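K.L.:
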Amino acid sequence: MLQKLWNAFKPPPPAEPPLPDPDTELALGALLVRVAMSDRNYRVEEISLIDRILARMFQHDPIEAAKIRATCERLHAAAPDTTTFAALIRETTSLDDRLAALDALWEVVLADGSQDDAELEILEEARLAMGLSQADSDAARARVTDIQGD
Numbered sequence: 067m068l069q070k071l072w073n074a075f076k077p078p079p080p081a082e083p084p085l086p087d088p089d090t091e092l093a094l095g096a097l098l099v100r101v102a103m104s105d106r107n108y109r110v111e112e113i114s115l116i117d118r119i120l121a122r123m124f125q126h127d128p129i130e131a132a133k134i135r136a137t138c139e140r141l142h143a144a145a146p147d148t149t150t151f152a153a154l155i156r157e158t159t160s161l162d163d164r165l166a167a168l169d170a171l172w173e174v175v176l177a178d179g180s181q182d183d184a185e186l187e188i189l190e191e192a193r194l195a196m197g198l199s200q201a202d203s204d205a206a207r208a209r210v211t212d213i214q215g216d
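For the sequence shown, the residue numbers in my numbering are 67 to 216.
Okay, here's the thing in structure tokens:
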């Protein structure tokens with residue numbers, strides 16, 4: 067009884083701001099988060115990699131990139147499916163930008179040194195929805211592997 071009375075006088079927890087409508091940047095960020103979380107091991111290395119990718123691709127400073135990634139985490143949690151984000155990227159970007167997005171997805175898949183089936187499944191769904199070929203994916207993987215090997 068005392069607990070109910072106490073709770074009645076506590077201010078309600080602050081409401082989270084509403085999620086923005088995804089644009090290309092948020093869609094890619096949510097896909098990167100989805101891939102990183104798919105193996106149920108969302109590591110600090112993957113989080114910082116996503117921040118660096120967002121900063122590099124969309125010209126953000128580290129703090130802004132981290133804020134965007136946090137929004138992408140919320141979008142990922144609320145989003146219906148992978149193809150929605152990937153289709154938005156396909157419809158709003160050039161082929162070069164879609165290929166760069168595929169490279170970024172491969173960076174996250176390969177970040178921890180292993181490939182989880184769930185990560186690969188999400189990457190494949192995204193590749194198809196972005197209208198990219200298997201050859202595009204193989205080339206992206208090779209580019210990322212070469213860069214990581216250096």
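Where is the CB? At the ideal position from N, CA and C, for every residue including glycine.
On a predicted model such as this, the values are computed, not experimentally measured, just so you know.
Nearest-angstrom Cα distance between isoleucine 213 and leucine 171?
P.N.:
Cα-Cα distance, rounded: 14 angstroms.
K.L.:
Assign isoleucine 116 to buried or exposed, taking buried as 16 or more other Cβ atoms, counted over all protein chains shown, within 10 Å of its Cβ.
P.N.:
Isoleucine 116 comes out buried.
K.L.:
Quick check: the Cα distance between isoleucine 155 and leucine 186, rounded to an integer number of angstroms?
P.N.:
Cα-Cα distance, rounded: 19 angstroms.
K.L.:
Could you tell me if the beta carbon of aspartate 202 falls within a distance shorter than 7 angstroms of some heavy atom in the ligand NAP?
P.N.:
The model on display carries no ligand, and the ligand NAP is accordingly not part of it.
K.L.:
Would you check if the distance between the CB atom of arginine 109 and the CB atom of aspartate 178 is smaller than 8 angstroms?
P.N.:
Result yes, Cβ atoms of arginine 109 and aspartate 178 sit closer than 8 angstroms.
K.L.:
If the criterion is Cβ atoms closer than 8 angstroms, does the pair valine 210 and glutamate 173 meet it?
P.N.:
Against a cut-off of 8 angstroms, the Cβ pair of glutamate 173 and valine 210 comes out as a contact.
K.L.:
Keeping to the same chain, check which residues put their C-beta closer than 6 angstroms to that of arginine 118; ignore five residues upstream and five downstream.
P.N.:
If we look at arginine 118 and ignore the five residues flanking it on each side, it has no Cβ neighbours.
K.L.:
Taking the beta carbon of arginine 193 as the centre, do at least 16 other beta carbons fall within 10 Å, making it buried, or is it exposed?
P.N.:
Buried is the call here.
K.L.:
Given a threshold of 16 other Cβ atoms within 10 Å of its Cβ, counted over all protein chains shown, does glutamate 112 qualify as buried or as exposed?
P.N.:
When all chains shown are included, glutamate 112 counts as buried.
K.L.:
Excluding sequence positions up to five away, which residues of its chain have a Cβ less than 8 angstroms from the Cβ of aspartate 127?
P.N.:
Excluding positions up to five away in sequence, the list reads Ala121.
K.L.:
Taking the straight line between their C-alpha atoms, what separation do you get for glutamate 146 and glutamine 125?
P.N.:
In the sequence under discussion, the amino acid at residue 146 is proline, which differs from the glutamate named in the question. Looking at the two C-alpha atoms, the distance is approximately 28 angstroms.
K.L.:
Give the list of continuous alpha helix (DSSP H) stretches no shorter than 4 residues that lie fully inside the stretch 94 to 128.
P.N.:
Here the runs fully enclosed are 110 to 124.
K.L.:
What is the DSSP secondary structure of serine 160, counted as helix, strand or coil?
P.N.:
Coil, per DSSP.
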